[in-house]
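> Residues -18 to -1, 1 to 783 (mature numbering (1 follows the signal peptide of the UniProt record, and there is no 0)) are what the sequence shown spells out, left to right.
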Amino acid sequence: MISNLVSLMVLGFASILGFPHWACLCFAQNGVRPATVNVGALLAYDSTIGRVAKKAIQLALEDVNKDKKLLKGTRIALTMMDSNCSAYIGISAALELSKKDVVAIIGPQSSVLSHVVSHIANGLNVPLLSFGATDPSLSSLQYPYFLRLTHSDFSQMTAIATIIGYFNWKEVVAVYVDDDYGRNGITALGDALGNTANIVHKYVIPPTITRNDLGSNLTDLALMTTRVFVVHLNPDVGLELFAEVHQRGMLSNGYVWIATDWLSSALDSLAPNSDTMKSLEGVITVRRHIQNSTQLHDFSVRWNNLQKAGTVHAGLNVFGLYAYDTVWAVAHAIDTFLKRGGNISFTDFPQLSNASGSESELAELKVFRGGQQLQTILLQTNIIGLTGPVQLDKRGELLGSTFEIINIARTGFSKVSYWSNISGLSVIPPESRVVSSHNKSSLNKKVNDPIWPGDRKRVPRGWTIPNNGRQFKIAVPWKKGEFEKLVKVEGSNVANGYCIDVFATAVTLLPYQVPYEFVPYGSDESPPIYEDLVKQVALKKFDAAVGDITILTNRSKDVDFSQPYVESGLVVVVPIKKINSNPWAFLKPFTPEMWFTTAAFFLAIGAVVWFLEHKLNSEFRGDPKKQLVTVLWFTFSTMFFAHREQIVSGLGRIVLVIWLFVVLIITSSYTASLTSIFTVQQLATTIKGIDDLISSNLPIGYLTGSFVRNYLSEELNIAQSRLVPLDSPESYAQKLSKGPSRGGVGAIVDELPTVQLFLSTHCGFSIVGQPFTKGEWGFAFQKGSPLQLDISTAILNLSET
């Protein structure tokens, strides 16, 4: 054993530094196929995967050697060794395999062991084909001779992240084994979750742990507010964990447990009893989806017959299928290698024997001269196996990944969805989505309703109220004057106002109790700065902030906002002046020139009508005085369309019609102008909107602490010297009334709801122009806060009532 350990250290160091020294030892000459080709396999016999994989590899070897068309007389001689679930024994076994001039090694199934054995494979140019090492960090970039004939954990973690996103869970607790497989798998989960959810706690379990130790550590998990757990363990420890979880009542209503594919593989291989299934009821797990085929069916029947005969003592799982296909992939690659004239030849590695100082077991290690060529051929693998098409990408990763989403019940389990890296979640298998027999609703449906822990059909919200007595701390911005109608803080834990009422009403609509306390933010002497308030929520000083908080892009990067409850936007407010009425106000609609012109037209029209009518119409005859009175009366009565005289001449009627139309226009204009004078107030400045305000040099008021200052200075390029902070409606009115000439402001820019509240109690001011931005108010929550979604739903319900 000591010799083996020394060999390992020297070999690893030498292979990493890469000192290839070549001397040729040939087992086959050009054009002559060898009688046998040595292939190694490294498994953990007494493991969930190993028990199945060992028999699957033996069956595959039997089938390959029976196929006379494939290797044409050459047989594969397989040397299989047991790692015994030990890294040390596994390394020793890998070195023993390397002494037997193997051209490829199938396995190991362990990610931890694969990291180490890959160094040996690199040094000896021997392709390493693993059907069970799923650690995403295992890469051909680091290990050029490593090939993965299963899917890395990044695929299943992406599927799990999609499930978490589908059910809108925002916080997750990761439970994983403390090794490369566990750590790197959970890292992949975090990457897959992205901004969808956060891993709020990582619960690490040693690879070897007793159930008693598991139980004592589960107390911390039970006290957490997060109720969504992703379990990434080895089968033996994982089943012990769920047994303890069930015993402690953590598989009850409100909990969500998602297990990676270790659980589905264990259930496929074992014959779980009723107690085991009871301890897993409501758990969600994933399993690699294998499309049905005649080849798969025949092999499954063959496996079942072996089980009945007592030759096989474990059920067939997906890793057994991958192990079977791996043997065939190696066989096809060797056949192609020999067809292309490749030689099964090895060379000594003198650097190793020299490093040991004398001849040792290291001298028996040989470098496979055709390793690079065989590796290239393996990367071009394109066969149909039990798992379907077996193809690798240029990085040595298996192409295509589809998973079944499994819901475990007491009597078995059911498939509630499928996930693929192309179509995402769907209740229809990816290969069946093209079939036209499926109706539209089935094609669009993503997940069938699972049964959750506690035999509940309602989707758990994924979190619970802390049972440690802690209340949610809700920050409330301090307000002054009439602005207190929006938010008013009356004590350390008392607040009211419109914003508070909306929040409190939304909380009452939640299906659970939320203990919370209001915390004032700011004071009369130190008005709240809203950017700082949002940052305090992001820094978790507060659980949320409630008030007139505008939803902005830069703020959304730090916090999660609820559904908006008020529409807003920036407007300009200016002072106005009244026009005092007097007895002569009726003359103001027209200028003196207009009055003179109108009177002249009246007289002229009267004269024209008299000229056209007095010869034909008796009403326009008589003595001069009578005719003058008639003409004047007729002319001015047309202003009210009240003339009594009949017009008999054709020209006279034409003139009258035209004149009446003109009179209609004049009277309408007069009426509108007079109404405006008596009812409309006039602006005290020339500012008609934001454009006029920007081009002027007038000082501009804004609410202290709001985002308006930054918007005006950074977005509209208004000099900060023109901006005047104000903290109450009273200061608004005071500064606007003074005007720029007396130390006041020419206008105020603020949000529409705040301005409307100000105008409701202060006359002499008005909004000019239209809102020049669009905005909304919402409540700010910590990133990933589960309360955010429920409050948003409650606000939507309020808006619909």
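Yeah, the Cβ is synthetic: ideal placement off N, Cα and C, and Gly gets one too. Since we're looking at a predicted model, the values are computed, not measured.
1) Between PHE593, LEU25, ARG57, which lies nearest to PRO16 when the distance is taken from Cα to Cα?
2) Taking the beta strand (DSSP E) that ASN366 falls in, what are its first and last residues?
3) Since HIS214 contacts GLY167 with CB under 8 Å, what's their CB separation in whole angstroms?
4) Starting from the C-beta of ASN679, find all residues in its chain whose C-beta is less than 8 Å away, skip the five residues before and the five after it, and write them out in chain order.
5) Do GLY634 and LEU594 have their C-beta atoms closer together than 8 Å?
6) Note down, one range per segment and in chain order, each alpha helix (DSSP H) of at least 4 residues found wholly within the region 698 to 774.
7) Relative to the C-alpha of ILE456, which residue among ALA526, SER723, LYS470, GLU601 is closest?
8) Counting only runs of 4+ residues fully inside the region 201 to 245, write out the alpha helix (DSSP H) ranges in chain order.
9) Measuring straight from C-alpha to C-alpha, what distance separates ALA582 and GLY671?
10) I'd like to know whether the C-beta atoms of SER112 and PRO126 end up nearer to each other than 8 Å.
11) Closest by CA to residue 827, which one among HIS101, VAL157, GLY176?
12) Suppose you measure from the CA of LYS559 to the CA of ALA567; what does that come to, to the nearest Å?
13) To the nearest angstrom, how far is the alpha carbon of SER92 from that of ASP542?
14) Under the rule that 16 or more other beta-carbon atoms within 10 Å means buried, what is ASN107, buried or exposed?
15) Let me confirm a value: VAL555 is counted as buried when at least 16 other C-beta atoms fall within 10 Å, else exposed. Which label applies?
16) Give the range of the beta strand (DSSP E) segment to which THR329 is assigned.
17) My output table needs one value for ASN779: the three-state DSSP class, helix, strand or coil.
18) Any contact between the region 374 to 393 and the region 358 to 365? By contact I mean 3 or more CB pairs, one from each, below 8 Å.
19) Short check: CB of ILE531 to CB of VAL496, under 8 Å?
20) For GLY138, is the classification buried or exposed, using 16 other Cβ atoms within 10 angstroms of its Cβ as the cut-off for buried?
21) In whole angstroms, what is the alpha-carbon distance linking ALA76 and GLY292?
22) By the three-class DSSP mapping on this structure, what secondary structure does PHE618 have?
23) May I have the straight-line CA-CA distance separating ALA86 from GLY22, to the nearest angstrom?
24) Return the CA-CA distance between PRO502 and PRO509, expressed in angstroms with no decimal places.
25) Hey, ILE88 and ILE39: beta-carbon distance below 8 Å or not?
26) Take VAL212 as the anchor and find which of ILE181, THR201, SER234, ASN199 has the nearest alpha-carbon.
27) State yes or no: is the C-beta of LYS428 within less than 8 Å of the C-beta of SER396?
28) If you drop the 5 nearest sequence neighbours on each side, which residues of the same chain put their C-beta closer than 7 Å to that of LYS81?
29) Using 10 angstroms around the beta-carbon of GLY323, count the other beta-carbons present and answer buried if the total reaches 16, otherwise exposed.
30) My guess is that ALA141 and TRP310 are in contact by the Cβ rule of under 8 Å, so how many angstroms apart are they, rounded?
31) At which residues does the beta strand (DSSP E) containing THR61 begin and terminate?
32) Counting along the chain, where does the beta strand (DSSP E) carrying GLU549 start and finish?
33) Exposed or buried, which one is LYS37 when buried takes at least 16 other CB atoms within 10 Å?
34) How long is the line joining the alpha carbons of ARG193 and ALA305, rounded to whole angstroms?
35) Since VAL706 and LYS717 should fall inside the 8 Å C-beta cutoff, what is the C-beta to C-beta distance between them, to a whole number of angstroms?
36) Tell me the start and end of each unbroken beta strand (DSSP E) in the region 435 to 469 that is at least 3 residues and wholly inside, in chain order.
The structure says:
1) Taking the first residue of the sequence shown as position 1, residue 16 is located at position 34. Out of PHE593, LEU25, ARG57, ARG57 has the C-alpha closest to the C-alpha of PRO16.
2) Indexing the sequence shown from 1 puts residue 366 at position 384. The sequence given here has Ile at residue 366, not Asn. Per DSSP, ILE366 belongs to the beta strand (DSSP E) from 364 to 367.
3) Taking the first residue of the sequence shown as 1, we reach residue 214 at position 232. Taking the first residue of the sequence shown as 1, we reach residue 167 at position 185. Indeed, because the Cβ distance is near 5 Å, the residues count as touching under 8 Å.
4) The sequence position of residue 679 within the sequence shown is 697, counting from 1. Excluding positions up to five away in sequence, the list reads ARG704.
5) As a position in the sequence shown, residue 634 is number 652, starting the count at 1. As a position in the sequence shown, residue 594 is number 612, starting the count at 1. In this structure, LEU594 lies closer than 8 Å to GLY634 by Cβ.
6) 711 to 720, 734 to 741
7) Here residue 456 is taken as the residue at index 474 of the sequence shown, counted from 1. Comparing Cα-Cα distances from ILE456 to each of ALA526, SER723, LYS470, GLU601, the minimum goes to ALA526.
8) 217 to 229
9) On the sequence shown, residue 582 is found 600 positions in, with the first residue counted as 1. On the sequence shown, residue 671 is found 689 positions in, with the first residue counted as 1. Their Cα atoms are separated by approximately 41 Å.
10) For the purposes of this step, residue 112 is identified with residue 130 of the sequence shown, where counting begins at 1. For the purposes of this step, residue 126 is identified with residue 144 of the sequence shown, where counting begins at 1. No.
11) With the chain covering only -18 through 783, there is no way to say anything about residue 827.
12) Working through the sequence shown from its first residue, we reach residue 559 at position 577. Working through the sequence shown from its first residue, we reach residue 567 at position 585. Cα to Cα, the separation comes out at about 17 Å.
13) Here residue 92 is taken as the residue at index 110 of the sequence shown, counted from 1. Here residue 542 is taken as the residue at index 560 of the sequence shown, counted from 1. So the two alpha carbons sit approximately 41 Å from each other.
14) As a position in the sequence shown, residue 107 is number 125, starting the count at 1. The residue is buried, with at least 16 neighbouring Cβ atoms inside 10 Å.
15) To locate residue 555, count along the sequence shown from 1; it is residue 573. By the neighbour-count rule (16 or more Cβ atoms within 10 Å), VAL555 is buried.
16) In the sequence shown, residue 329 corresponds to position 347, counting from 1. First-last of the beta strand (DSSP E) with THR329: 327 to 330.
17) Stepping through the sequence shown from its first residue, residue 779 is reached at position 797. If DSSP states are grouped into helix, strand and coil, ASN779 belongs with the helices.
18) yes
19) Here the question's residue 531 lines up with position 549 in the sequence shown. Here the question's residue 496 lines up with position 514 in the sequence shown. Cβ atoms of ILE531 and VAL496: not closer than 8 Å.
20) Sequence index remark: in the sequence shown, residue 138 carries index 156 (1-based). What sits at residue 138 in the sequence shown is Gln, not Gly. So GLN138 ends up on the buried side.
21) Numbered from its first residue, the sequence shown carries residue 76 at position 94. Numbered from its first residue, the sequence shown carries residue 292 at position 310. Going from the Cα of ALA76 to the Cα of GLY292 covers about 30 Å.
22) As a position in the sequence shown, residue 618 is number 636, starting the count at 1. PHE618: helix per DSSP, three-state reduction.
23) Locating residue 86 in the sequence shown gives position 104, where the first residue counts as 1. Locating residue 22 in the sequence shown gives position 40, where the first residue counts as 1. Spanning the two alpha carbons is a distance of roughly 6 Å.
24) Reading the sequence shown from its first residue, position 520 is the one you call residue 502. Reading the sequence shown from its first residue, position 527 is the one you call residue 509. PRO502 and PRO509: Cα-Cα distance of roughly 11 Å.
25) Residue mapping note: residue 88 aligns to position 106 of the sequence shown, counting from 1. Residue mapping note: residue 39 aligns to position 57 of the sequence shown, counting from 1. Cβ atoms of ILE88 and ILE39: closer than 8 Å.
26) Numbered from its first residue, the sequence shown carries residue 212 at position 230. The residue with the shortest Cα to Cα distance from VAL212 is ILE181.
27) For the purposes of this step, residue 428 is identified with residue 446 of the sequence shown, where counting begins at 1. For the purposes of this step, residue 396 is identified with residue 414 of the sequence shown, where counting begins at 1. No, the Cβ-Cβ distance between LYS428 and SER396 is not below 8 Å.
28) For the purposes of this step, residue 81 is taken as the residue at position 99 of the sequence shown. Answer for LYS81: GLU346, LEU347, listed in chain order.
29) Looking up residue 323 in the sequence shown gives position 341. Exposed, because fewer than 16 other Cβ atoms sit within 10 Å of the Cβ of GLY323.
30) Indexing the sequence shown from 1 puts residue 141 at position 159. Indexing the sequence shown from 1 puts residue 310 at position 328. Rounded, the Cβ-Cβ distance is 27 Å, inconsistent with contact.
31) The count along the sequence shown starts at 1 and reaches residue 61 at position 79. Here the beta strand (DSSP E) through THR61 covers 57 to 64.
32) Numbered from its first residue, the sequence shown carries residue 549 at position 567. 548 to 550 is the extent of the beta strand (DSSP E) around GLU549.
33) Against the sequence shown, residue 37 aligns to sequence position 55. Buried is the call here.
34) As a first step, residue 193 must be located in the sequence shown, where it is residue number 211. As a first step, residue 305 must be located in the sequence shown, where it is residue number 323. Using only the alpha carbons, I get a separation of about 31 Å.
35) As a first step, residue 706 is located in the sequence shown; it is residue number 724 there, counting from the start. As a first step, residue 717 is located in the sequence shown; it is residue number 735 there, counting from the start. With 8 Å as the limit, VAL706 and LYS717 qualify as a contact, their Cβ atoms being about 7 Å apart.
36) 454 to 459
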